[in-house]
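Read in numbering that gives the first Met the number 0, the first sequence has 280 at position 281, and its numbers run on one by one without any break.
Below: one structure, written as structure tokens.
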Amino acid sequence: MSVEKIDYTKELNSEQLAAVTAPDGPLLVLAAAGTGKTRTLVYRVAYLAGRDVSPERILLLTFTNRAAKEMLERAHVLVGPGISGVWGGTFHHMSNRILRRHAPLLGYQRDFTILDRDDSKTLVSNCVKELGLSGKEFPKPDILLGLFGSAVNRATSVQKVVEAKFRDGDVDPDNVAKVHGQYEGRKKKLGAMDFDDLLVNCLKLFREKPEVLGPYQAQFLHVLVDEYQDTNPIQAELVDMLAARNRNVLVVGDDFQSIYSWRGADFRNIMSFPERYKDARIYKLETNYRSVPEILEVANACIAGNPLQYQKTLRATRSSHRKPLVLRMRDGGEQARCVVDQIRNLCRSGYRMSDIAVLYRAHYHAMELQMELARERMPYVITSGVRFFEQAHIKDVCSLLRLLENPSDEMAFMRLVGFLPGVGPKTAQKLWNEMGGRFDTNDSAQRMKLKSMLKSAAKELWLGVEPILETYRAEHLDEDGGEAIFRFVEAFYGRHAVNVFEDSERRLDDIRELILYTSRFDKVQNFLSDIALLTNLDAEAENLASGDGEVVRLSTVHQAKGLEWPAVIVLWMSEGMFPSARSMEESSEGEAEERRLFYVAVTRAKDELCLCVPEVRRTRDGGMMYYLPSRFIDEIPREMIKDVRAGFI
DNA sequence: GTTTCGGTTCTTTTT
DNA sequence: GAACCGAAAC
0 MSVEKIDYTK
10 ELNSEQLAAV
20 TAPDGPLLVL
30 AAAGTGKTRT
40 LVYRVAYLAG
50 RDVSPERILL
60 LTFTNRAAKE
70 MLERAHVLVG
80 PGISGVWGGT
90 FHHMSNRILR
100 RHAPLLGYQR
110 DFTILDRDDS
120 KTLVSNCVKE
130 LGLSGKEFPK
140 PDILLGLFGS
150 AVNRATSVQK
160 VVEAKFRDGD
170 VDPDNVAKVH
180 GQYEGRKKKL
190 GAMDFDDLLV
200 NCLKLFREKP
210 EVLGPYQAQF
220 LHVLVDEYQD
230 TNPIQAELVD
240 MLAARNRNVL
250 VVGDDFQSIY
260 SWRGADFRNI
270 MSFPERYKDA
280 RIYKLETNYR
290 SVPEILEVAN
300 ACIAGNPLQY
310 QKTLRATRSS
320 HRKPLVLRMR
330 DGGEQARCVV
340 DQIRNLCRSG
350 YRMSDIAVLY
360 RAHYHAMELQ
370 MELARERMPY
380 VITSGVRFFE
390 QAHIKDVCSL
400 LRLLENPSDE
410 MAFMRLVGFL
420 PGVGPKTAQK
430 LWNEMGGRFD
440 TNDSAQRMKL
450 KSMLKSAAKE
460 LWLGVEPILE
470 TYRAEHLDED
480 GGEAIFRFVE
490 AFYGRHAVNV
500 FEDSERRLDD
510 IRELILYTSR
520 FDKVQNFLSD
530 IALLTNLDAE
540 AENLASGDGE
550 VVRLSTVHQA
560 KGLEWPAVIV
570 LWMSEGMFPS
580 ARSMEESSEG
590 EAEERRLFYV
600 AVTRAKDELC
610 LCVPEVRRTR
620 DGGMMYYLPS
630 RFIDEIPREM
640 IKDVRAGFI
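Okay, structure coming up:
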């Protein structure tokens with residue numbers, strides 16, 4: 000492969016250069032925030048390509064779709080189109096890709112459905128009902144899923160997780176385990192996997208079928224892993240197994256930024272890497288290009304509260320600027336107005352709206368601000384809580400495709416017939432049972448059977464949909480999902496949406512957008528996998544919504560990871576909000592992780608940082624709740640910040 | 001017996 | 001704003 004000459008010594012600093020040009024073998028790169036971690040990975044890929052490692056022999060694993068996309072794009076710019084052969088993506092993507100090939104070895108069909116969080120919740124809720132366990136005392140589906148996930152990701156039993164979490168014994172571990180068993184069985188019957196199953200089954204495949212693992216081990220000459228501190232034990236083992244043969248494994252991470260322990264991430268993976276790979280070389284990146292020294296001082300001071308970590312100190316390269324601002328005010332309303340003022344000030348001193356981000360611990364922290372921004376007609380985008388592909392109307396139209404692709408997909412069937420008048424959950428269930436727990440849309444006898452069971456009003460509407468089922472294979476709509484969705488909307492869903500949704504205009508626009516989006520897939524199957532694994536249209540949505548324009552970004556700290564802005568404002572730096580009361584209760588590790596989260600928030604800022612500290616919040620019953628300033632604020636040495644009362648700036 | 005509608009409650013973080 | 005619950009409507 001021909002690679003244009005890259006002058007590594009000129010384009011990288013000495014720390015980065017050492018990591019990029021490191022010899023084969025296990026490598027641990029400890030990259031502090033803003034030290035060019037992505038750059039290092041991308042250049043490493045280029046470096047390997049330049050040493051005639053063919054792209055399909057490189058595996059690049061990331062946590063988010065955004066990170067994968069960014070890295071592959073940058074590698075593309077650096078190396079050229081040949082690089083597209085690299086296996087790059089999230090752990091879930093890789094697992095999906097592998098399982099689509101080998102699923103039958105584990106007793107699944109290749110057309111298995113991927114359940115997103117919503118689907119899983121519905122399914123768990125059904126299981127609870129079936130077992131007659133629904134009641135006030137019994138945990139909600141969301142909680143149950145969390146428990147199942149913890150058990151699976153930490154390779155322990157559900158009972159143990161329940162015992163650890165509900166100390167006072169008001170939840171019966173055996174009942175939870177029963178639900179779990181039921182849930183597992185139902186998924187199997189549906190031919191469906193949830194997010195965890197993708198990883199677990201991939202690991203199972205590797206463990207039990209050496210004839211499958213072997214060729215992958217041989218194929219991947221180099222395995223590169225981004226955000227290694229956020230891997231859970233399953234992911235770590237996947238990496239270890241894939242790299243076992245060639246041992247060229249490069250992991251990049253920053254234990255200071257491990258913020259996903261609640262979904263099983265264990266930063267001991269990164270801490271123990273040198274023990275598991277005795278011959279590992281370790282590289283540290285500590286030269287920070289992002290932030291002014293005043294911000295880095297605060298970051299270093301805050302993380303000093305967490306002792307058990309790799310020692311890293313951020314070294315500034317930028318010249319001095321003003322100190323971060325701690326802004327104290329009475330309540331959320333005042334906070335919202337202050338933020339608007341701050342944004343105006345920043346704009347006056349030359350920043351663009353798109354240079355500014357407002358970060359917070361939880362989505363609801365930004366509610367008052369959203370209203371204030373709307374009132375002031377200040378444009379903003381929010382990396383949303385409700386993700387594009389999880390919105391009801393998107394899932395509605397996809398349910399048709401899901402059923403067409405997987406005749407066992409009961410959830411899709413229920414959703415689809417549930418649109419018909421007079422058909423609710425009970426009737427839908429009855430229909431499904433009558434059909435024998437399977438609806439092969441390609442089978443005319445089955446189609447007839449369904450038709451004969453529908454009442455007149457429902458039947459009439461269904462007749463509009465049926466031609467799509469009939470022609471799906473014949474007209475190769477399985478290679479053009481957009482066309483199938485288009486026909487569905489024309490024949491039925493368009494009218495349905497107008498009746499059901501207040502804002503049907505917007506939703507139908509979304510669907511049109513979705514139809515365009517399908518054109519990049521040559522198989523509906525691939526499209527469905529992709530949207531299940533893609534949580535938001537992220538980059539696309541960003542560019543579409545704003546035309547790359549003048550908008551403030553609102554985001555959770557979690558979703559801001561890996562990003563940077565010239566100016567960052569953090570909301571609700573109050574005890575109980577940030578750190579969140581819940582995670583502090585949950586485990587003894589809670590405080591340390593919240594502190595890392597705060598560290599992530601601080602290190603997103605390049606020039607300006609403003610931390611808001613409201614004192615009271617209205618409670619539901621109309622009362623007032625008083626909040627102390629966050630311990631993270633108190634931990635910052637006073638001389639490092641400018642501490643002001645709102646209105647006295 | 002089901003569906004549908006309207007009112008109430010409570011918001012962590014994500015693939 | 002969506003998920004849950006209870007009561008009216010079919």
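A virtual CB, placed ideally from N, CA and C, is assigned to each residue, including glycine.
Please read all numbers here as calculations on a predicted model, not as lab measurements.
When the Cα atoms are used, residue 610 and residue 379 turn out to be separated by approximately 19 Å. For residue 475, the three-state secondary structure derived from DSSP is coil. Contact between residue 330 and residue 614 is confirmed by a C-beta separation of about 7 Å, below the 8 Å threshold. Sequence-distant partners of residue 257 (beyond 5 residues in either direction) whose C-beta falls short of 8 Å from its own C-beta, in its chain, are 228, 229, 264, 266, 269, 592, 595. Beta-bridge annotation (DSSP): residue 287 is paired with 315.
With respect to the 9 Å criterion, residue 222 and residue 245 are classified as neighbours on the basis of their beta carbons. Below 8 Å, too few C-beta pairs join the segment 70-89 and the segment 158-166 to call them touching: fewer than three. Residue state for residue 44 is assigned as helix, using DSSP reduced to three classes. In the three-state reduction of the DSSP assignment, residue 293 falls in the helix class, which pools H, G and I.
Collapsing the DSSP output to three states places residue 59 in a strand.
Secondary structure at residue 414: helix, using DSSP grouped into helix, strand and coil. DSSP, read as helix, strand or coil, puts residue 605 in strand. The C-beta separation of residue 468 from residue 426 comes to about 20 Å, leaving the pair out of contact by the 8 Å criterion. Selection 627, 430, 212 evaluated against residue 580 yields 627 as nearest (Cα-Cα).
Comparing alpha carbon positions, the residue from 382, 381, 320 closest to residue 565 is 320.
Across the structure, residue 286 and residue 64 are spaced so that their CA atoms are roughly 27 Å apart.
A distance below 9 Å separates the beta carbons of residue 225 and residue 37. The three-state reading of DSSP puts residue 270 in helix, counting H, G and I together. Taken in chain order, the complete alpha helix (DSSP H) segments of 4 residues or longer contained in the segment 178-215 are 194-207.
Between residue 399 and residue 464, the CB-CB gap stays under 9 Å. Taking residue 176 as the centre and dropping the five residues before and after it, the same chain places the C-beta of 157, 158 closer than 7 Å to its C-beta, in chain order. The beta carbons of residue 96 and residue 88 sit closer together than 9 Å.
For residue 430 and residue 422, the gap between their C-alpha atoms comes out near 10 Å.
Inter-residue distance for residue 327 and residue 603 is about 21 Å (C-alpha atoms, whole angstroms).
For residue 5, the closest C-alpha among the options 34, 33, 48, 238 is that of 48.
Nearest in C-alpha terms to residue 284, of all of 170, 557, 13, is 13. Cβ-Cβ distances below 6 Å link residue 497 to 503 in the same chain, with the five nearest sequence neighbours on each side left out; the list follows chain order. Two segments are said to touch when three or more pairs of C-beta atoms, one from each, lie closer than 8 Å; by this definition the segment 111-118 touches the segment 185-196. When rounded, the separation of the alpha-carbon atoms in residue 375 and residue 646 is 19 Å. For residue 89, no alpha helix (DSSP H) encloses it; the enclosing beta strand (DSSP E) starts and ends at 86-89. When the alpha-carbon of residue 570 is set against those of 606, 616, 549, the nearest one is in 616. Beta-bridge pairing by DSSP links residue 282 to 28. Annotated three-state conformation of residue 75 is helix, per DSSP. Out of 128, 446, 235, 123, the CA that lies nearest to the CA of residue 183 is found in 123. When rounded, the separation of the alpha-carbon atoms in residue 333 and residue 567 is 18 Å.
In this structure, DSSP gives residue 257 a state outside helix and strand, which the three-state scheme calls coil.
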